[in-house]
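Chain order of the listed sequences is D and A. If you're matching positions, the first sequence starts at 83 in our numbering and goes up one per residue. If you're matching positions, the second sequence starts at 24 in our numbering and goes up one per residue. Glycine is no exception: its CB is placed at the ideal position from the N, C-alpha and C atoms. If you're wondering where the values come from, they're calculated on a predicted model, not measured in any experiment.
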Amino acid sequence: MTSDLLPEGLQDSLPPVAEAMADARRAMMDVLSSHGFNRIQPPMVEYERSLGSRMEGVARDTMFRFVDPVSLRTLALRSDITVQVGRIASTGLASAPRPLRLSYCGPVLKIRAGQLEPERERTQLGAELVGNDSVAAVMQMVGVAIEALRAAGVQNISIDFTLPDLVDTLAASTFPLDAGKIDAVRRELDAKDAGGITALGADAYLPLLYAAGPLDDALDKLAAIDAGGALAGRIKALREIAAPIDDGVSVTLDPTERHGFEYQSWFGFSIFAEGYSGALGRGGTYTVRHGDGTGEAATGFSLYPDPLTKAEGRQAQGRYLFLLLGHDMRAAEQLRAAGWRTIAALDENDDAATLGCTHILDNGEAKAL
Amino acid sequence: MAKPTIFAIPKGRILDDALPILEQAGIVPEKGFFDKSNRALKFGTNREDIDIIRVRAFDVATFVAHGAAQIGIVGSDVIDEFQYSDLYAPVDLGFGHCRLSVAEPAEKAGTDDLAGASHVRVATKYPNLTRRHFEAMGVQAECVKLNGAMELAPSLGLSRRIVDLVESGRTLKENGLVETSKIMNVSARLIVNRAALKTNHSVLGPLIDRFREAVR
Chain D
83 MTSDLLPEGL QDSLPPVAEA MADARRAMMD VLSSHGFNRI QPPMVEYERS LGSRMEGVAR
143 DTMFRFVDPV SLRTLALRSD ITVQVGRIAS TGLASAPRPL RLSYCGPVLK IRAGQLEPER
203 ERTQLGAELV GNDSVAAVMQ MVGVAIEALR AAGVQNISID FTLPDLVDTL AASTFPLDAG
263 KIDAVRRELD AKDAGGITAL GADAYLPLLY AAGPLDDALD KLAAIDAGGA LAGRIKALRE
323 IAAPIDDGVS VTLDPTERHG FEYQSWFGFS IFAEGYSGAL GRGGTYTVRH GDGTGEAATG
383 FSLYPDPLTK AEGRQAQGRY LFLLLGHDMR AAEQLRAAGW RTIAALDEND DAATLGCTHI
443 LDNGEAKAL
Chain A
24 MAKPTIFAIP KGRILDDALP ILEQAGIVPE KGFFDKSNRA LKFGTNREDI DIIRVRAFDV
84 ATFVAHGAAQ IGIVGSDVID EFQYSDLYAP VDLGFGHCRL SVAEPAEKAG TDDLAGASHV
144 RVATKYPNLT RRHFEAMGVQ AECVKLNGAM ELAPSLGLSR RIVDLVESGR TLKENGLVET
204 SKIMNVSARL IVNRAALKTN HSVLGPLIDR FREAVR
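(1) Answer with yes or no whether the minimum CB distance from D388/D to chain A is below 7 Å.
(2) By DSSP's criteria, H142/A is part of a beta bridge. Which residues make up the other side?
(3) Counting only beta-carbon separations shorter than 7 Å, does F351/D have a partner in chain A?
(4) Smallest Cα separation from G360/D: which of R36/A, V145/A, V87/A, R77/A?
(5) Go to L213/A, then tell me how far its alpha helix (DSSP H) extends in each direction, as first and last residue.
(6) Name the residues in the region 285-310 of chain D whose C-beta lies less than 7 Å from a C-beta of chain A; which are they?
(7) Determine the direct distance from the alpha carbon of I163/D to that of M24/A, and round the result to whole angstroms.
(8) What's the gap between the Cα of P337/D and the Cα of L290/D?
(9) Since K192/D meets chain A, which of its residues come closer than 8 Å, beta carbon to beta carbon?
(10) In whole angstroms, what separates the C-alpha of L231/D from that of I327/D?
(11) Closest to A253/D by C-alpha separation, out of V267/D, A305/D, F243/D, would be which residue?
(12) Can you list, in chain order, the residues of its chain with a C-beta nearer than 8 Å to that of E90/D? Leave out the 5 residues immediately preceding and following it.
(13) Could you give the distance in angstroms between the alpha-carbon of S23/A and the alpha-carbon of F30/A?
(14) Use the C-beta contact count for L313/D: other C-beta atoms within 10 angstroms, 16 or more gives buried, fewer gives exposed.
(15) Shorter than 7 Å from the beta carbon of D39/A to some beta carbon of chain D?
(16) Per DSSP, what kind of secondary structure is Y472/D in: helix, strand or coil?
(17) Going by DSSP, what residue range makes up the beta strand (DSSP E) through A261/D?
(18) Does DSSP put I29/A in a helix, in a strand, or in coil?
(19) Can a CB atom of chain D be found closer than 7 Å to the CB of Y149/A?
(20) Does M24/A come out as helix, strand or coil in the three-state DSSP assignment?
(21) If you draw a straight line from the C-alpha of V220/D to the C-alpha of D94/D, how long is it?
(22) Quick one: which chain D residues come within Cβ less than 7 Å of R212/A?
(23) Listed from N- to C-terminal order along the chain, which residues in the region 188-222 of chain D have their beta-carbon within a distance smaller than 8 Å of any beta-carbon of chain A?
(24) Near R5/A, what residues of its chain come up, given a Cβ to Cβ distance below 7 Å and the 5 sequence neighbours on each side ignored?
(25) Take R423/D as the anchor and find which of H409/D, A413/D, Y402/D has the nearest alpha-carbon.
(26) Do K221/A and T244/D have their C-beta atoms within less than 7 Å of each other?
(27) Of all the alpha helix (DSSP H) runs that stay within the bounds of the region 80-160 of chain A, which reach a length of 4 or more residues?
(28) Quick check on H224/A: does DSSP put it in helix, strand or coil?
(29) So is K318/D buried or exposed if we call it buried at 16+ other beta carbons inside 10 Å?
(30) Beta-carbon separation of G49/A and R233/A under 7 Å?
(31) Quick check on the burial criterion: 16 or more other C-beta atoms within 10 angstroms. Buried or exposed for G366/D?
(32) Alpha carbon to alpha carbon, how far is T376/D from R131/D? Give it in angstroms, no decimals.
(33) Does the count of Cβ pairs from the region 211-228 of chain A and the region 94-107 of chain A closer than 8 Å reach three?
(34) List the residues of chain D whose Cβ lies closer than 7 Å to the Cβ of D100/A, in chain order.
(35) Does M160/A pass the burial test, meaning 16 or more other C-beta atoms within 10 Å, or should it be called exposed?
(36) Considering only the alpha carbon of each residue, which of D39/A, A176/A, S204/A, N170/A lies closest to I96/A?
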């Protein structure tokens with residue numbers, strides 16, 4: 083057996099894919115930057131306690147953990163950068179003016195892969211707006227997420243809205259539910275298991291399953307269910323959020339979706355696109371916990387850009403310029419500045435075609451081979 | 024033309040009950056589907072935008088969860104065994120009723136109740152459901168995965184208990200076994216891939232509605 087085998091769920095990305103991935107990440111980070119999100123770069127490893135306790139619902143058992151030989155405390159490899167943004171917002175940048183706009187991009191690692199997503203390492207790229215979870219904040223973040231994905235060459239985007247705390251809201255008002263049953267009802271709603279909900283005796287929640295689909299239809303159905311008016315505010319907010327989204331994006335609502343919304347509060351969204359089998363990212367409103375026990379509202383999104391390899395970077399052009407020994411260095415420099423990628427010969431035996439070049443520098447100009 | 028939507032249907036028990044409901048929902052498979060000697064696995068239907076594949080029940084869930092098929096019919100036992108996060112089960116189709124149960128040899132049943140035991144050995148096609156069932160009682164279950172003929176396991180000393188689907192109980196009886204506890208009730212469900220439902224709602228949404236109508 084070779085000793086060079088990679089562990090399960092980990093892989094090398096090679097050219098040209100690695101380069102295309104980098105182009106996509108760069109294009110997306112440029113969009114975030116252009117919208118005033120400042121980049122942070124937290125470490126890969128932190129104290130497990132800090133990573134695990136900072137946000138509700140983050141499962142500690144998704145992280146690689148080991149003991150720090152220096153402090154003898156348990157360390158964990160991050161499985162979600164959002165948690166680190168929360169820590170930074172409540173420590174290093176606690177006194178920075180609000181709302182705080184932060185962006186990040188880096189690898190995250192989980193200890194066990196799912197059957198449907200065999201990767202254990204992936205890139206997480208995102209933006210967080212700390213200090214605001216209003217409708218305006220959500221509108222802005224949804225818009226930025228769409229723009230970022232488009233910059234990475236993603237088309238036919240579809241956004242799915244959800245109301246993560248819907249069951250709690252309804253259980254406390256219109257459709258009372260035993261506290262012991264709330265989790266089970268939420269789980270069955272999440273799996274859209276009609277039979278399971280009936281088995282729990284929570285038939286009042288059944289119509290929520292059918293209030294999913296294209297936004298306008300779904301909102302009408304949701305409004306029809308909303309006997310007590312507990313959801314009127316939510317419905318109005320969702321209409322406002324969807325209003326500025328252009329026709330190129332299809333917007334759906336799935337009020338009971340809980341996948342990946344462990345810590346979101348009143349609003350959540352996931353992004354899908356034609357040609358990609360899973361969600362490309364998700365976001366929503368949540369609460370950042372501060373050391374003194376208070377909470378701060380925040381809105382953000384995380385994208386998982388590894389499958390995106392269609393950005394219009396240098397790589398996409400597929401043009402390489404061969405430079406012979408003793409070539410015109412100034413001309414080559416100018417062409418590089420104009421977007422060319424050059425490959426310079428190291429000796430007379432170097433062959434342009436073998437090196438994958440499409441053009442050659444001749445008399446200060448690029449000529450097709 | 025856009026790629027057809029793939030509808031996955033299990034071979035065996037559920038198939039005969041599924042066809043009438045499928046027809047009520049407006050899907051009729053091509054003739055070859057009903058020909059027992061036909062070895063093809065993928066068939067056209069009266070709808071140009073829907074193709075049918077015929078696979079094993081456990082594979083229906085796998086095909087749909089991975090998005091290789093977008094919609095399918097499968098028992099709730101299979102759904103709960105895998106607990107795929109990307110599977111929706113929006114309609115209880117109301118047929119294929121049976122239960123998943125623990126069974127033991129008749130002469131030994133009740134002789135040692137589980138209290139005090141910390142470990143049991145069980146032969147089953149459903150290792151996850153079995154493990155979860157016994158875990159809830161504080162017992163660690165060591166599962167021997169079999170793909171059929173579970174009823175043989177106790178008499179041949181492979182394991183004392185089995186976990187299997189029980190419909191009338193006849194198979195158990197004929198093999199000298201009795202049902203000692205029920206894990207869950209099972210019925211056939213319509214399942215849909217999560218991402219497919221979001222990105223292709225115009226086909227799958229109305230289809231789900233028609234199945235819902237059909238079983239009402």
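Taking the definition as stated:
(1) no
(2) Q163/A
(3) no
(4) That would be V87/A, whose Cα lies nearest to the Cα of G360/D.
(5) Not the alpha helix (DSSP H): L213/A falls in the beta strand (DSSP E), residues 211-216.
(6) L291, G295, P296
(7) Only weak support is given to the placement of M24/A: the predicted model assigns it a pLDDT of 48, under 50, and the value that follows is read from those uncertain coordinates. Going from the Cα of M24/A to the Cα of I163/D covers about 41 Å.
(8) Each residue's alpha carbon lies about 7 Å from the other.
(9) What K192/D touches in chain A: nothing, since even the nearest Cβ is about 14 Å away.
(10) 14 Å
(11) V267/D
(12) Apart from the 5 residues on each side of it in sequence, E90/D sits with its Cβ closer than 8 Å to the Cβ of A195, P200, R202 in its chain, given in chain order.
(13) Given a span of 24 to 239 for chain A in the structure shown, any question on residue 23/A remains unanswerable.
(14) buried
(15) no
(16) With chain D covering 83 to 451 only, the question about residue 472/D has no answer from this structure.
(17) A261/D -> not in any beta strand (DSSP E); alpha helix (DSSP H) instead, spanning 261-272.
(18) strand
(19) no
(20) Summary for M24/A: the model assigns pLDDT 48, below 50, so the residue's position carries little reliability; its value from the coordinates is reported in the next sentence. Reduced to three states, the DSSP call for M24/A is coil.
(21) 36 Å
(22) G277
(23) G196, Q197, L198
(24) Because chain A in this structure spans residues 24 to 239, residue 5/A falls outside the shown range and cannot be described.
(25) Looking at the Cα atoms, Y402/D is the closest of the given residues.
(26) Contact: no.
(27) Counting whole runs of 4 or more residues, the region 80-160 of chain A contains the alpha helix (DSSP H) stretches 80-88, 99-105, 150-158.
(28) helix
(29) It counts as exposed.
(30) Using a Cβ distance threshold of 7 Å, G49/A and R233/A count as a contacting pair.
(31) Flag for G366/D reads buried.
(32) Going from the Cα of R131/D to the Cα of T376/D covers about 18 Å.
(33) yes
(34) Residues of chain D passing the Cβ test: none, with the nearest at roughly 12 Å.
(35) By the 10 Å Cβ count, M160/A comes out exposed.
(36) D39/A
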